[in-house]
Each structure stands twice: as C-alpha cells, then as structure tokens.
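**Q** Residue numbers (the numbering used here), protein chains in the order written: chain P, 1 to 383; chain W, 1001 to 1715.
Don't be surprised by glycine CBs; every beta carbon is placed ideally from N, CA and C.
Can you keep this structure in mind? I'll have questions shortly.
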Amino acid sequence: MLAALCTALVCGAAGATPRDQAKRIHDRLVGVPPDAATLDQMTALVSTGQPADALQAAEIAMHNPAFYRTALKNFITPWTNVDRTVFADLNDYTATVIGIIRDDRPFTDVLTADIVYVGTPNAVSTPYSQTDNVHYQLLDQKQVDLSDPTLFVGVPQSTLPGSQITAADAAGVITTRAAGEAFFKAGTNRRMFRFTAINYLCRDLEQLKDVSRPADRIRQDVNRSPGGDSNVFHTQCIGCHSGMDPMAGAFAFFQWDDTAGRTVFTRNQVQPKYLINANVFPGGYVTVDDRWDNFWREGPRAELGWRAAASGGFGPKSFGEEIVSSRAFSVCQVEKVFQQVCFRPAQTSDDANEIEHIADDFEAGNYRMKSVFAEVAVYCMGQ
Amino acid sequence: MGTQSLPSTPTSRAARLAGALGATWLALAAAGCGDFSGAADSGNSTPTSGPGTVFDPTNVPGSREAFETTLYPLLTQYCVNCHANGPGSPQFANPTSGTAYTEILAQNKVNLADPPSSRIVRKLIDEQHNCWSDCTTDANMLEAAVQAWADAIHFGQGGVSIGETLSSTSLRLADGTEDTSVQRYDTDIIARWDFKEGAGAVAFDTSGVQPSIDLALQGGVTWLTAWGVQIDTGIVQGMSGNRKLYDRIADPKTGSGQYTVEAWITNASTALEGPARIITYSANTNARNFTLGQVMYQYDFRNRGVSPDVSGNGTPSLITYDADQDLQDRLQHVVITYDALRGRRINVDGKWTEDVDPVSPPPRLWNWDRNFTFALGNEITQDRQWKGQVRFVAIYDRALTDAQIVQNFNAGVGKRISMNFDVSHWAGPGSSIEFQVSEFDNASYMFCNPIFHTPQPSGYELAHVRIAVNGTLAPTGQGFVTLDTPITDTRTVLSQRCTVIPKGPDPATDEFNIVFEDLGGFQNVITEPVPPPAVVQLDPTARPTYGVRDYARIRESMASVTGVSALVPAIDAAYQDLEQQLPSTFDVRSFVSSQQVGISKLALEFCDALVESAPLRTTFFGSFPFTTEPVAVFGAAATPNTVNRNQIADALYNHMVGSGLTVQPSLTDMRADLSGLVDTLVASCLGTPCDAERTQAIVKGECTAVLASAAVSMH
Chain P
1 MLAALCTALV CGAAGATPRD QAKRIHDRLV GVPPDAATLD QMTALVSTGQ PADALQAAEI
61 AMHNPAFYRT ALKNFITPWT NVDRTVFADL NDYTATVIGI IRDDRPFTDV LTADIVYVGT
121 PNAVSTPYSQ TDNVHYQLLD QKQVDLSDPT LFVGVPQSTL PGSQITAADA AGVITTRAAG
181 EAFFKAGTNR RMFRFTAINY LCRDLEQLKD VSRPADRIRQ DVNRSPGGDS NVFHTQCIGC
241 HSGMDPMAGA FAFFQWDDTA GRTVFTRNQV QPKYLINANV FPGGYVTVDD RWDNFWREGP
301 RAELGWRAAA SGGFGPKSFG EEIVSSRAFS VCQVEKVFQQ VCFRPAQTSD DANEIEHIAD
361 DFEAGNYRMK SVFAEVAVYC MGQ
Chain W
1001 MGTQSLPSTP TSRAARLAGA LGATWLALAA AGCGDFSGAA DSGNSTPTSG PGTVFDPTNV
1061 PGSREAFETT LYPLLTQYCV NCHANGPGSP QFANPTSGTA YTEILAQNKV NLADPPSSRI
1121 VRKLIDEQHN CWSDCTTDAN MLEAAVQAWA DAIHFGQGGV SIGETLSSTS LRLADGTEDT
1181 SVQRYDTDII ARWDFKEGAG AVAFDTSGVQ PSIDLALQGG VTWLTAWGVQ IDTGIVQGMS
1241 GNRKLYDRIA DPKTGSGQYT VEAWITNAST ALEGPARIIT YSANTNARNF TLGQVMYQYD
1301 FRNRGVSPDV SGNGTPSLIT YDADQDLQDR LQHVVITYDA LRGRRINVDG KWTEDVDPVS
1361 PPPRLWNWDR NFTFALGNEI TQDRQWKGQV RFVAIYDRAL TDAQIVQNFN AGVGKRISMN
1421 FDVSHWAGPG SSIEFQVSEF DNASYMFCNP IFHTPQPSGY ELAHVRIAVN GTLAPTGQGF
1481 VTLDTPITDT RTVLSQRCTV IPKGPDPATD EFNIVFEDLG GFQNVITEPV PPPAVVQLDP
1541 TARPTYGVRD YARIRESMAS VTGVSALVPA IDAAYQDLEQ QLPSTFDVRS FVSSQQVGIS
1601 KLALEFCDAL VESAPLRTTF FGSFPFTTEP VAVFGAAATP NTVNRNQIAD ALYNHMVGSG
1661 LTVQPSLTDM RADLSGLVDT LVASCLGTPC DAERTQAIVK GECTAVLASA AVSMH
C-alpha cells in the first residue's frame, strides 16, 4: 500500500490545482501539512490568480509555529557548525537568525546588530549563559513556541550578563557564543571568515580565489614555498590567503576558551593565534590590531558587488557591514531559500532571473526575509 | 603637496599627461601607459607582441572571444562533468562562457605567456588528472589551445608594460651589493657545503679543513639557481675524506667527543618514512655513526655511542614529538648537536624542540666506524630515499650553543643582495628605494625591507609600490601594493616585510624595476577592469520534483495531523532513538529502507497514543465502538461493516492526507486499501473471538499505515 500511495502521489504532480498549490506552499514553507481550515483559506487566495493573494497565502502559512521551531531551525542549524550538520542543538546563533526573521528585522542585522534572541522566563527558567548552551537546549526540548513574542525575545548581546563586548563590537551571529565555539576555536580565526563567506555569500574559498590580489596582508604562518616550490604559492596559496587574511583581521581580538566554555574578547590585544608559526615566513604580515581590508573589491571578485561605505575597517561589525551590503549577500539569501523551498538549485534562466528579481525585492523591502520565503514559495508552488 | 609637472623626457609621456591634467588618474592598463594597446603614439589599438605589452587578458579586446573559440570548446567537451557546476573547481567549463572565462583567469589555470606551464596542461601530465584519452595527447591538445588563445591576442610575455610609467631605473642582481651585515658563527667548522657551484657533478667542501669531503651528485640530483641541490632520486655522497669526521669528532685521541650538524633544507613532502636519510654518516641501513632522518612530520636523530643501550645503528633515535610536527615542507634551519653533557638535541629554526635524549648518560663516541661514508638524501645503500632541497650543510667538531644556533638561523641562507633603485627622475637627485633581494627558490625572488632615501623629503606621497621583472609587473605576489606614506625623512623605512615575486627566464639577466602609483607628486594609478556582476549559477541536473520530509518535519507533521503532542514521553523517547535514522534531507534519492522503518516506528507511537487516549481518539475519529470486539465492529471480509470501516478511513484521510487534492491518493482508493488491511487483521478473530483491545489495535494499524505513508512523509 505504501508503494501505491507513493506512486499515486508522484504521478499526481502534473496539472496542480490551486488547492494543490496552496498545500505545496504550506508544506514547503512550514514543513507540515496544513489543517483543513488553513488550506481552505490559502486555496481561496491562490485561486484568485493574483500574485499578491498568493503571497498572502504564504504569509498565512508562516504563522504556523512549526515554521520557526522546525523549518527555520533546520534551515539555519548547518550554518552554525563546521560539519554543517543539521543534527545539532538549538543555539544562540540559530535562535538569533530565527528571531530576526520572525520580527521582520532587516536581515542585514544578522552580521551587524547588537542582538541575540533568548527565551523569556515564561519559556524556560534557566537563563542565557555565556558558558553553556543549556538555555537553548531546554527551549528545544520543551518545544517552546518561538513564534510567540512573550516566550522568545531579542535582547542586546552587549547587555547579557558576562558579556565582554559593547554594542559597537557586536556583529550579529558572528559574536554569538555558538559561532565562537564553532569558528573561533583553536586554529587562526580564518575559519570564521570562510564560513561567513559560505553562509552569507554562498561562496567557499575556491570560488573566491584570485591569485592577482596583493600579498601585503598574508600572515607569517603561510608557507611561500611548499616543498621548495614557490610556484605552488603563486598558483594556489596566494589565491585564498591574499583575500582571506586581510578579511580575517577583523577577528583578531576573539578567541574561544575551551576551558571556560565561552568566547573571549581581548580589546586592543591581538590573540596569540594570529602570531603563531612566525618562522614559516618571517617576512610575512604581523597582525597588530583588528584591521580588516577587502582586497577582493578589485579584480575578478568585484563581481560580488561590494557596496558598503568603506572597503576596510576595524572589528567584526564593520566587516559584517561589508558582507551584508554586497549584492552577493542578497542573491545568496534568495538562493538558499530557493534550494530550501523548491528542493533544487536554479536550473534555468527563468530561475536565475526570478532569483535576481526576488533579490531586488529583498533589498527594496528592507531585507525582510519572510518576503523572500513567500516569493520563492509562490514561484515554486506549481512545479 | 599637489601634483607637479613632470620632467620632459622621452620616457615620461604618461607622466607629462598626468602633469598636464592635474589630478587626472591614468590607468596603467589604458592606452598611454604601455598597456596591451602598446602603440599609444600611433593610436593603434591592436595588441602587439613582445615583452610587457599586455596587462591583463580580461582587458584585452577579443580575448574572451579568442578563449571561446580556442580553449573553451575543449573544456566544455572534456571537463564539463566536473568543472561546469561542480564538483570540480574552478568552473572553467561552466555553460556560461563568461563565467568560465573569469574562472580560468582568476584562478591562474592558464599561463598565456608560457602555455606549456599552464596549470590545466601540467595537471594532466604530472597528475594524470582525468585524461580522456592518453594524458600526453590530451595535454598537448590543451596546450595548443592555450597557445592559440595567446597568439590570437598577441599576448607575448604578458604583464604590465612599465615602459612609460612611474618607475625606477632597471637593475640586475649583479648591480647590487652583497649584504654581509649579518654574521654567522663559523668557528669550529670542519666541513661545509654552500652548493654555489650551480653546475657539474661535484659539490665541494669549502671548509678549508683537510681532507675535503667533496660530494658527488648521483641520480636525480639537480642544482638550484639560488644555491643548493634538489634531490628527487639518488644520493649526494662523499667521494673521499669521509674519515675526517671520525678523526675530528670520535677518535679517542684526536676527536672532540662532540659535534654539530647544521643544515638549511626543504623537505619536499611530509609523507616520507624510513626514516628517509637527510644527512647520514653510515654504511648501510643497519650501521651508522650519525643520521638525521625524516619520519613524516618528525625529525629522527641517530647517534652511535659506547653504551649497552645504544645499537650500532645509532638507536634508540631521538625523535621530535609527533604532535609538534616540527618537520615541515618548507625551508627550515635544522641543527643537531651532541655533547657528553646534554646528549643529543634537535633545533629547528633557532629553537630547541624540547625533545630529550632517551639515552642517559650520553655515551662516548669511541665506537664510531672510521670507514663509514658521509652522504645526503639517501642511505649509502640507496634504499632510504629522502626528497627535498639542501641549501647549506656544515659540520662542527663542537656542540654549538643555543645562542650560536640562533645567530646562524638569523643569518639566513643564500646570497642577499642590497639593491638601490634610482628614482631621482621623479623624487629629485639622490633619491632611491632600497630592497634586500635574494633568490628565494628556483621559481621566485624575495624582496624585503624597502627603504626610501632622499635628500629632499618634502612630504610628498609615496604609495602603491610594485615590482616589475623584465619590464612587466609580476602578475602575482606583489606585497607592497598597500604602502602609502608621506616622505618626510631622508631615510624612510617603508616596510619590514618581504614578498616573493616570480622569476623571469634567467636570474643572470633578469632586470627589475620598482613601480609607483604616487611618487614625488607624480601619479600613475593602476586601475583594473571592472568585471560584470556575478550571475546566478545554474545546475540543470534533473532532480525529483518532490522531497521527503526530514526528521524534524516528520515529527512535527505527525503531531500536527494526529493532534498528539510530540512531548508524550513514549513518543519523545522513540524520537530520540530514531532521530538520526530518519531522513536528514529532503532529497528523496537518498531515501533508504531503514528510514522508512524509522518513520513507521514513530508513526506507531503517535497512533498508539492517539487511540489509547479516549478524548483524543474521539476528537479525531468521532464516536466509535472502540470497546467492542473487532468482528462486531468491522465485520468479516464477506460481510464488511462499511459504515464503521469508512468512519475510520475517512477520518484518517481527512486529517492526514487532505481532501480535494489531486496530488494525493483518492478517498476511494484509500478506503479500499484500508478495508483490505482490516480484512486481514480481523480474519484471525473469526474462529477465535478477540477482545475489544483488538479493535483498537486494528485502528492503530490503519492509522500507522497512513501516517507512515508517502502521503504524509512526502511533500
């Protein structure tokens, strides 16, 4: 019988009715089937054939608490860990992105704002802690309704007990505890840049590589002659490090303290990890502050459409501004939602055009993420 | 200070323009700055060949078109499976030719100045990377295509012509003066090899201590232009005089009883074991006086001594701690010392590795064998090959102190040349920029510590410095581009950093210039072409239209359609057990039977909770005789109670499948399927009456069949 149902389901895809399309919108956005009343309401809207009504139907679907508790949680969770696994606990990074979307804050806040979302005392009794994730584990275990603003609220990171940063330092999810544990732990903090690029520019280093950028900021710990052949440096290493190293300068005062279980911020003091392995190339760059520069503003990677006021600055907040102000950031968010809702990447020029169009709307609409979900869901509802 | 007029000289055309136009920025890549259009005087925009006539192929008219007709067809034919949209990177076979063009240039996969050295060509020859016929033929095909591309745009040697830009005078290495300001500690050296010969089959012992241990280069050993030898196969072996080491170090009457081996080496990889012999004084794999070897990331130091704890093979080894990974595949200064007080010690890049000799007390060396042979890169029996570069080796009959080791590390290796580039043409008489230059390895020069000298430090700007080799800006490795400082002193240290710049054809004839964007009030800004905005990448691979709900969506969906809380302890416990067995992604192509089993188990828990709870089941199914035995409720197959059967089926359909949906199974089909299931489950109660619990179990079975079906789990 299971096979028969499955066959019937898949075979019924052709010629979807407005009711089918309404169910598709709900299913894909929320992750659960609509109840009959909601489906009727959405069907009526989709049936008008007016795009605005279809978008309204999608907005109705997103009222379902499962949109936040399940769909968004699993959409965001892989961004928060190195393995990019969905099987990870709810944490302050994931919660903050969920909250930004729920409250229709400009999604640019994700890398720039002094904000973190926490459960209220009505939701869980254990408060936020800088040194563990229990607060969010309880929110998850208790299946707290994250759509309810009396249970789940945004507060400034800088005002949390034990915070070492000010509002001017806070940079959205970059300065959350979970991001610190995942991307400031050990290493050289280049990981924070790499995963920020993956998650918010939809590009890994392979796609950012450009060997023609200045080598001025490549640190001492990068081998200029691997195995005695500097050709390797000129054709490989420099492509990533010339751009990445100056970007990662923004995080020079941050470190994950594994013993304390928290992110440590040492204002005006460069973390030792930035100065390790200095003998690899003593003539390399020595980090002296948290200056960052975007050398990819020129050359082939200017294609990403950098538009922030300054191509350089100090600390993660202005770095975040650089990322979220780019055209690539806007398109990337739409592409991620497209994959999430349509179950596929862009395949045709029509898809590409629609993604660009939705990205335009995203920017014009003060970076409201729910609108992106709605527009994408409507685009895919009949497919 | 403002932009000033430029000297009127034949070589200052661009500068004259800058002066005439005041703050007008001149693009080096544009006509008049010696760009690809070259013949600015004639106004001819046709690219010309020859050194330094092309700045950047992305800026050459017709370059992309040439790419599309030469190399691109091959890439889209043979590389498209991996390099179109992945998994390979870069995407130089992307269906969008503009993307492919940008990718292959941005990632330096072609060398238009030297097509045979292009990465896409070498990858096939050196690594047999996914060849489509035989690798040599395929590589030749790609090389010919790259050459055709280069020819089509008259690429020549590539790079920025600096003929008329704001640059220094030209210098060769021979025009510099050797920097001898850093002194080594060379006292007590008894054998030394600088590898300066550069040719021939012998590396001479230059210590002056007789007898000399001159080394024969055997097998795959080649000279480095930057002084040194590259050992790929074979051995570098003492031809005579090997006994000198025994006599000076180990002989009970004449030996010092202590020694040091100092070396500047580059390990080719961190994969060799054996230990691979870097430096050895031995006879075969079982007999040695001393050896410095490689075991992956570890240095291994063996030393023969008079002790029951030490073998004739010099073991146990003093080996660096594995987690420290002291051995790296880069240029390293490695010093091993032995004395009767501290035993063996290993120093890397001026620092003791903190590994303690396991043999204590340190043994005497009186049992060394005077007949052993000194060698580099292999065991004397040539069966412990090491691979890498040796730039310098010295042996002392004393154990160097830590301070002496640091002194020699700081002294570096190779010839360092101080080069003073004259810029008096721009910054006034007596002005120059000084660099410390050395041959970094066979492929690059290293430029360090630029200092600006001028008797007229009037506060003008010095900014954006680049290095040109043979009249063209080095395309990669420019490390002083961001320099920007006012000149207010007669001697200004511009930077204390170094950068590596690709070599030209021949270090003996390569010429260097230093190029500025701002100097002495003159400007010549280098601008780069602006690429078109990035486009959305397409992946036309066919994919299923539908997807399976992931584990969390399955739980939420089951809770939603049944009205049962997912936090019911039995459900929650089952979910925790099953979570990672359930689908983790929507991609139905990765769906496996174990995931269906997990879905069914979880569905059973929800249906059990639903049917066991009187309020919940009444809400879901309506009033129903759950406490009556099953035959009376459902009837037998031959005499079915259609009303009751449909009541259950309809409730399941309406809550879980949804009515009025063409993409879902029909109610008629579902009633029939579930009625068939009930027939099966009731059959056993016809002969032997069942109790009322059987009725609930049958409903649970029906519920589970629907809840675990694709009608719920797919979306």
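For a test of your reading of the model: does the CB of residue 1573 (chain W) fall under 6 Å from any non-hydrogen atom of the ligand GDP? Yes or no.
**A** Looking for the ligand GDP in the displayed structure turns up nothing, as the structure carries no ligands at all.
**Q** When you compare the CB positions of residue 1368 (chain W) and residue 1289 (chain W), do they come within less than 7 Å of one another, or not?
**A** yes
**Q** In its own chain, which residues sit with a C-beta less than 7 Å from the C-beta of residue 1621 (chain W), not counting the 5 before and 5 after it?
**A** 1647, 1648, 1651
**Q** In angstroms with no decimal places, state the Cα-to-Cα distance between residue 163 (chain P) and residue 1421 (chain W).
**A** 53 Å
**Q** Inspect the beta-carbon positions of residue 376 (chain P) and residue 341 (chain P) and report whether they are closer than 7 Å.
**A** yes
**Q** Using a Cβ-Cβ distance under 7 Å, would residue 19 (chain P) count as near chain W?
**A** Yes - at least one Cβ of chain W is within 7 Å of the one on residue 19 (chain P).
**Q** In chain order, what are the residue ranges of uninterrupted alpha helix (DSSP H) at least 4 long that sit wholly in the segment 1603 to 1683 of chain W?
**A** Counting only runs of 4 or more, we get 1614 to 1621, 1630 to 1634, 1642 to 1652.
**Q** Enumerate in chain order the residues of its own chain whose CB-to-CB distance from residue 1379 (chain W) is below 6 Å, with the five nearest sequence positions on each side excluded.
**A** These residues qualify, in order along the chain: 1277, 1285.
**Q** Going by C-alpha to C-alpha distance, which of W:1121, W:1208, W:1324 sits closest to residue 1071 (chain W)?
**A** W:1121
**Q** Would you say residue 1081 (chain W) lies against chain P (beta-carbon separation less than 7 Å)?
**A** no
**Q** Tell me the DSSP secondary structure of residue 1540 (chain W) in three-state form.
**A** coil
**Q** Does residue 276 (chain P) come within less than 7 Å of chain W when only Cβ atoms are used?
**A** no
**Q** Using 7 Å as the threshold, is the C-beta distance between residue 218 (chain P) and residue 245 (chain P) below it?
**A** Result yes, Cβ atoms of residue 218 (chain P) and residue 245 (chain P) sit closer than 7 Å.
**Q** What residue does the alpha helix (DSSP H) around residue 1528 (chain W) start on, and which one ends it?
**A** From DSSP, residue 1528 (chain W) is part of no alpha helix (DSSP H); its letter is neither H nor E.
**Q** Quick check: residue 38 (chain P) and residue 19 (chain P), are their CB atoms within less than 7 Å of each other?
**A** no
**Q** Please give me, in chain order, every unbroken run of the alpha helix (DSSP H) with length at least 4 that falls completely inside the segment 257 to 285 of chain P.
**A** none
**Q** Is it a yes or a no for the segment 1338 to 1355 of chain W touching the segment 240 to 259 of chain P, going by three-plus beta-carbon pairs under 8 Å?
**A** They do not touch, by the three-pair rule.
**Q** Below 7 Å CB to CB, which residues in the same chain sit around residue 1315 (chain W) once its five sequence neighbours on both sides are set aside?
**A** Excluding sequence neighbours, residue 1315 (chain W) sits near 1302.
**Q** Which residues of chain W have a Cβ atom closer than 7 Å to the Cβ of residue 299 (chain P), listed in chain order?
**A** Close to residue 299 (chain P), with beta-carbon spacing below 7 Å, are these residues of chain W in chain order: 1528.
**Q** Would you say residue 326 (chain P) faces chain W, with C-beta separation under 7 Å as the test?
**A** False, the Cβ-Cβ gap to chain W never drops below 7 Å.
**Q** Between which two residues does the alpha helix (DSSP H) holding residue 42 (chain P) run?
**A** 36 to 47
**Q** Just to confirm the assignment, what range does the beta strand (DSSP E) spanning residue 1303 (chain W) have?
**A** 1298 to 1303
**Q** Can we say the segment 1193 to 1213 of chain W touches the segment 1340 to 1350 of chain W, given the rule of at least three CB pairs closer than 8 Å?
**A** no
**Q** When the Cα atoms are used, what is the spatial distance from residue 1396 (chain W) to residue 1292 (chain W)?
**A** 15 Å
**Q** Rounded to the nearest angstrom, what separates residue 314 (chain P) and residue 250 (chain P) at their Cα positions?
**A** Residue 314 (chain P) and residue 250 (chain P): Cα-Cα distance of roughly 6 Å.
**Q** Which residues of chain W have a Cβ atom closer than 7 Å to the Cβ of residue 408 (chain P), listed in chain order?
**A** Since the displayed chain P opens at 1 and closes at 383, residue 408 (chain P) lies outside it and no answer follows.
**Q** Exposed or buried, which one is residue 1094 (chain W) when buried takes at least 16 other CB atoms within 10 Å?
**A** buried
**Q** Considering only the alpha carbon of each residue, which of W:1522, W:1528, W:1386, W:1430 lies closest to residue 1219 (chain W)?
**A** Of W:1522, W:1528, W:1386, W:1430, the residue nearest in Cα terms is W:1386.
**Q** Name, please, each residue of chain W whose Cβ falls closer than 7 Å to the Cβ of residue 384 (chain P).
**A** Summary: the structure shown does not reach residue 384 (chain P), with chain P confined to residues 1 through 383, and so no result is reported for it.
**Q** Does DSSP classify residue 1558 (chain W) as helix, strand or coil?
**A** helix
**Q** Buried or exposed: which applies to residue 229 (chain P), given that a residue is buried once 16 or more other Cβ atoms fall within 10 Å of its Cβ?
**A** buried
**Q** On the DSSP letters alone, give me the boundaries of the beta strand (DSSP E) that residue 1703 (chain W) sits inside.
**A** Element bounds for residue 1703 (chain W): not the beta strand (DSSP E) but the alpha helix (DSSP H), 1692 to 1707.
**Q** Pull up the distance between the alpha-carbon of residue 1704 (chain W) and that of residue 95 (chain P), whole angstroms please.
**A** 33 Å
**Q** Answer yes or no: does any C-beta atom of chain P fall closer than 7 Å to that of residue 1030 (chain W)?
**A** Interpretation of residue 1030 (chain W) is limited by its pLDDT of 28, a score under 50 that renders its predicted location unreliable; the figure taken from the coordinates is listed afterwards. By this cut-off, residue 1030 (chain W) is not an interface position.
**Q** So, for residue 1343 (chain W): in the same chain, excluding its five sequence neighbours on each side, which residues have a beta-carbon less than 7 Å away from its beta-carbon?
**A** 1357, 1359, 1360, 1362
**Q** When the Cα of residue 1470 (chain W) is compared with those of W:1698, W:1512, W:1710, which residue comes out closest?
**A** W:1512
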